[in-house]
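As structure tokens, the structure follows; a few thoughts come after it.
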Amino acid sequence: MSDSEENKDTSLDKFVWKQSYTWVLLLNAAYIVLFYYLMKLFS
Amino acid sequence: MQEYNKLHNVDWFVIIAVLLFIVLYGVYKTRKNKTVNDYLKGGNNAHWWTIGLSVMATQASAITFLSTPGQAFHDGMGFVQFYFGLPLAVVVICLVFIPLYHKLKVFTAYEYLETRFDLKTRTLTAILFLIQRGLAAGITIYAPSIILSSILGWDLYTLNIIIGISVIIYTVSGGTKAVNITQKQQMAIIFAGLFIAFLIILNYLPLDVSFNNALELAGANGKMEILDFSFNLENKYTVWSGLIGGSFLALSYFGTDQSQVQRYLSGKSVRESQIGMIMNGMLKVPMQFFILLIGVMVFVFYQFNSSPLNFNPTAEAVVLQSEYAAEYRDLQDEKLILEGDIKAIQLEYARSEDSAKKEGLIEEIQALNASETALRDQAKILIKKADPDEETNDKDYVFMHFILNNLPIGLIGLLLAVILSAAMSSTASELNALGSTTAMDLYKRNRQGREEWHYVRVSKWFTLLWGVIAIIIACTAQLFENLIQLVNIIGSIFYGNILGVFLIAFFIKFIKGKATFIAAIINQGLVIALYFGDKYEYINIPYLWLNFVGCVTVIYIAAFLQCFDDLSNHKKGAKKQLAWTAGTFVGTVLFISAFLHLTGAVDFGF
Numbered sequence: 000m001s002d003s004e005e006n007k008d009t010s011l012d013k014f015v016w017k018q019s020y021t022w023v024l025l026l027n028a029a030y031i032v033l034f035y036y037l038m039k040l041f042s
Numbered sequence: 000m001q002e003y004n005k006l007h008n009v010d011w012f013v014i015i016a017v018l019l020f021i022v023l024y025g026v027y028k029t030r031k032n033k034t035v036n037d038y039l040k041g042g043n044n045a046h047w048w049t050i051g052l053s054v055m056a057t058q059a060s061a062i063t064f065l066s067t068p069g070q071a072f073h074d075g076m077g078f079v080q081f082y083f084g085l086p087l088a089v090v091v092i093c094l095v096f097i098p099l100y101h102k103l104k105v106f107t108a109y110e111y112l113e114t115r116f117d118l119k120t121r122t123l124t125a126i127l128f129l130i131q132r133g134l135a136a137g138i139t140i141y142a143p144s145i146i147l148s149s150i151l152g153w154d155l156y157t158l159n160i161i162i163g164i165s166v167i168i169y170t171v172s173g174g175t176k177a178v179n180i181t182q183k184q185q186m187a188i189i190f191a192g193l194f195i196a197f198l199i200i201l202n203y204l205p206l207d208v209s210f211n212n213a214l215e216l217a218g219a220n221g222k223m224e225i226l227d228f229s230f231n232l233e234n235k236y237t238v239w240s241g242l243i244g245g246s247f248l249a250l251s252y253f254g255t256d257q258s259q260v261q262r263y264l265s266g267k268s269v270r271e272s273q274i275g276m277i278m279n280g281m282l283k284v285p286m287q288f289f290i291l292l293i294g295v296m297v298f299v300f301y302q303f304n305s306s307p308l309n310f311n312p313t314a315e316a317v318v319l320q321s322e323y324a325a326e327y328r329d330l331q332d333e334k335l336i337l338e339g340d341i342k343a344i345q346l347e348y349a350r351s352e353d354s355a356k357k358e359g360l361i362e363e364i365q366a367l368n369a370s371e372t373a374l375r376d377q378a379k380i381l382i383k384k385a386d387p388d389e390e391t392n393d394k395d396y397v398f399m400h401f402i403l404n405n406l407p408i409g410l411i412g413l414l415l416a417v418i419l420s421a422a423m424s425s426t427a428s429e430l431n432a433l434g435s436t437t438a439m440d441l442y443k444r445n446r447q448g449r450e451e452w453h454y455v456r457v458s459k460w461f462t463l464l465w466g467v468i469a470i471i472i473a474c475t476a477q478l479f480e481n482l483i484q485l486v487n488i489i490g491s492i493f494y495g496n497i498l499g500v501f502l503i504a505f506f507i508k509f510i511k512g513k514a515t516f517i518a519a520i521i522n523q524g525l526v527i528a529l530y531f532g533d534k535y536e537y538i539n540i541p542y543l544w545l546n547f548v549g550c551v552t553v554i555y556i557a558a559f560l561q562c563f564d565d566l567s568n569h570k571k572g573a574k575k576q577l578a579w580t581a582g583t584f585v586g587t588v589l590f591i592s593a594f595l596h597l598t599g600a601v602d603f604g605f
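Note that the protein sequences, when read in sequence, are chains W and X. For the first sequence, position 3 (counting from the first letter as 1) is numbered 2 according to numbering that gives the first Met the number 0, and the numbering increases by one without interruption. For the second sequence, position 398 (counting from the first letter as 1) is numbered 397 according to numbering that gives the first Met the number 0, and the numbering increases by one without interruption.
Set out below in structure tokens:
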């Protein structure tokens with residue numbers, strides 16, 4: 000693997016990794032939306 | 000009062016087998032620990048799933064599983080909002096705290112403060128942590144013991160000692176790795192137990208009441224008010240208090256409390272620690288939701304089955320042996336009649352498919368519910384008359400009452416093992432952290448140059464010592480009134496100050512050690528003064544807010560002290576720094592005042 004390919008992989012890796020922070024927040028936002036609909040449905 | 004103290008042999012077998020397995024597994028798997036790194040950071044071998052489960056097991060104490068379903072039984076699902084801020088804190092911890100702790104290869108969170116500031120700031124925060132967590136460790140043992148002993152008739156002291164010694168054996172022997180690997184088994188037992196309990200509750204509902212019907216009934220009874228978007232500060236759990244207060248509290252807990260920091264410091268790499276924390280951020284809210292849902296299903300179950308006026312058997316026994324026994328029995332009779340009406344109307348609601356009819360039935364259900372709540376309140380008044388010191392809030396006893404009266408033989412043992420496992424997992428992390436902090440921040444820092452095995456031995460002795468202290472606190476806790484509240488108050492008094500110091504260390508680079516140390520001392524005095532000001536009614540500031548106040552004030556006191564120090568030393572840019580600090584301070588005060596005014600907490604008269 001050439002240096003440039005390695006660098007490319009690392010930056011891609013970092014990009015995917017940073018996305019996981021977004022995912023944890025999005026997932027929790029989705030929980031709140033789900034709770035909202037559950038509340039509307041059963042209250 | 001029903002007698003529970005004769006558990007079936009199968010239940011005893013399950014409880015003893017689970018406890019013995021955890022202790023022996025923890026000791027056996029960690030018998031090769033040699034270095035301080037092995038003992039205090041588990042040899043830095045933990046994978047992300049071990050860290051994630053360990054972090055969750057540390058936070059979830061026995062009280063989580065005893066109290067939370069009871070909370071949902073009485074007040075519905077709203078408590079889940081308390082955890083909404085946790086994922087925000089998790090992201091900050093993954094991005095800032097974990098990389099730095101790993102880079103500096105610290106053993107404790109407070110060690111980092113010496114690198115950033117100086118020795119005295121490290122020692123001060125370590126001591127504040129030891130006071131607070133040392134007391135809390137005793138309560139982690141005492142709180143489930145008092146409930147189990149009261150409901151099962153077991154001896155309180157024996158139970159304290161059994162829980163304490165079981166934890167001491169594997170925590171002292173195997174250190175962090177023993178805590179981490181046993182927590183995996185404990186979480187497996189906890190999840191299995193809760194899931195089985197949930198399925199059994201659903202199975203016990205009347206045949207024509209489906210899960211969907213059960214949720215409808217819960218909603219009709221006001222238990223499905225999950226979210227509260229109001230800005231009213233008097234409502235304890237709202238989306239906003241969860242997002243703001245919850246993230247603040249989670250940041251203090253996960254970022255600066257050694258019992259949590261030690262969990263992710265044991266990670267194989269920064270990445271493993273971060274993913275472990277992210278796992279916690281993803282699973283915590285649904286896990287709490289599920290535990291609350293169990294409580295709501297227990298509520299639905301008791302709409303079709305008889306329940307006591309007060310779930311605390313000791314409280315009922317006290318009033319039934321007093322001069323108020325006859326009055327209490329009258330209330331019990333009234334409740335029996337009411338239960339018949341409630342059962343009939345709930346069944347009618349569940350079976351009905353006509354939405355207009357259902358609307359009408361909801362009003363009747365609410366009226367019957369109000370009558371039942373009134374009866375429970377009258378019962379509480381009678382209990383208080385019989386013994387003013389008796390605890391009438393029975394939310395901690397609801398789930399145990401259900402387990403002991405309804406689960407089959409063997410499963411009662413499993414659920415009791417869940418409670419004991421949860422007590423052990425939290426206590427183990429606390430003892431592990433207390434031992435590490437005493438050994439590394441107080442002992443090793445002042446006695447360097449000894450051989451590796453010496454520090455391992457010292458760490459083990461300190462862990463043992465804290466274990467004994469925790470048992471003593473648990474055994475004497477009954478002598479002090481409202482000890483649990485006292486521990487929460489002490490936590491609120493110290494936590495904000497410690498978090499403020501860490502936030503300065505991470506984010507406000509111009510503030511140095513001297514200013515931070517002096518500010519921490521002044522601020523601690525100020526927070527204590529605010530607490531007593533509230534206690535003796537000079538001011539009105541509930542102790543839960545001391546956390547927030549303590550954090551903000553220590554940052555500003557330190558910032559101003561640093562500015563004045565820089566000005567007196569004619570440091571370049573000092574005036575600009577002072578202007579920035581003063582501007583931010585005014586902005587913060589205005590923002591908080593506007594928030595308090597808008598929420599109606601304080602009326603400024605404009």
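Cβ coordinates follow ideal geometry from the N, Cα and C atoms, glycine included. In this text, all values refer to a predicted model and were calculated from it rather than measured experimentally.
- The beta carbon of L103/X sits closer than 7 Å to those of Y111 and T114, all from its chain and outside the five residues before and after it, given in chain order.
- Not flagged as an interface residue toward chain W: I62/X, since no C-beta distance is shorter than 8 Å.
- Per the coordinates, the alpha-carbon of Y327/X lies some 19 Å from the alpha-carbon of G339/X.
- When C-beta atoms of the segment 426 to 437 of chain X are compared with those of the segment 131 to 145 of chain X, three or more pairs fall below 8 Å, so the two segments count as touching.
- For the segment 207 to 219 of chain X, the set of residues with a beta-carbon nearer than 8 Å to any beta-carbon of chain W comprises L214, E215, A217 and G218, in chain order.
- Between V54/X and chain W, the shortest Cβ-Cβ separation is not below 8 Å.
- Rounded to whole angstroms, the separation of the alpha carbons of M423/X and G192/X is 16 Å.
- Look at E113/X: its C-beta is not under 8 Å from any C-beta on chain W.
- Boundaries of the alpha helix (DSSP H) around E338/X: A324 to R350.
- Rounded to whole angstroms, K534/X and G524/X show a C-alpha spacing of 15 Å.
- Taking CB atoms only, M281/X has a neighbour in chain W less than 8 Å away.
- Beta-bridge pairing by DSSP links A45/X to G266/X.
- Residues of chain W with a Cβ closer than 8 Å to the Cβ of L118/X do not exist, since the nearest Cβ in that chain sits about 34 Å away.
- Scanning its chain for C-beta atoms nearer than 8 Å, with the 5 sequence neighbours on each side dropped, one finds around N539/X the residues D533, in chain order.
- If you check the CB distance, S491/X and N546/X come in under 8 Å.
- Using a C-beta cut-off of 8 Å, the segment 469 to 479 of chain X makes no contact with the segment 495 to 510 of chain X, since fewer than three inter-stretch Cβ pairs fall below that distance.
- At least one CB of chain W lies nearer than 8 Å to the CB of M223/X.
- Between the C-alpha atoms of L464/X and G163/X there is a straight-line separation of about 12 Å.
- Between the alpha carbons of F20/X and Q184/X lies a gap of roughly 9 Å.
- Burial check for F194/X: the Cβ neighbour count within 10 Å stays below 16, so the residue is exposed.
- Interface with chain W (8 Å Cβ-Cβ cutoff): P407/X is excluded.
- Rounded to whole angstroms, E390/X and K357/X show a C-alpha spacing of 38 Å.
- No residue range can be given for Q302/X, since it is assigned to no alpha helix (DSSP H) and is classified by DSSP as neither H nor E.
- Counting C-beta atoms within 10 angstroms of its own C-beta, W48/X has fewer than 16 neighbours from the protein chains shown and is therefore classed as exposed.
- Listed by position along chain W, the residues whose Cβ is nearer than 8 Å to that of V417/X form an empty set, because the closest Cβ is around 24 Å away.
- By the neighbour-count criterion, in which a residue is buried when 16 or more other Cβ atoms sit within 10 angstroms of its Cβ, L566/X is exposed.
- With the criterion set as a beta carbon lying under 7 Å from some beta carbon of chain W, the members of the segment 255 to 289 of chain X are I277, G280, M281, V284 and P285, in sequence order.
- Bounds of the alpha helix (DSSP H) holding P143/X are L118 to L151.
- Assigned with DSSP and collapsed to three states, P205/X falls in coil, not helix or strand.
- Along the segment 86 to 115 of chain X, going in chain order, the ones with a CB nearer than 9 Å to a CB of chain W are P86, L87, V89, V90, C93 and L94.
- Listed along chain W are I31, F34, Y35 and M38, each with a C-beta nearer than 8 Å to that of L226/X.
- By the criterion of a C-beta distance shorter than 8 Å, D440/X is surrounded in its chain by T107, Y109, E110, R121, T122 and A125, once the five residues flanking it on both sides are discounted.
- Ranked by how close their Cα comes to the Cα of P387/X, the residues R446/X, V417/X, G409/X and V318/X have V318/X in first place.
- With fewer than 16 other CB atoms across the displayed protein chains lying within 10 angstroms of its CB, F531/X is exposed.
- Straight through space, the alpha carbons of A314/X and D10/X are spaced by roughly 26 Å.
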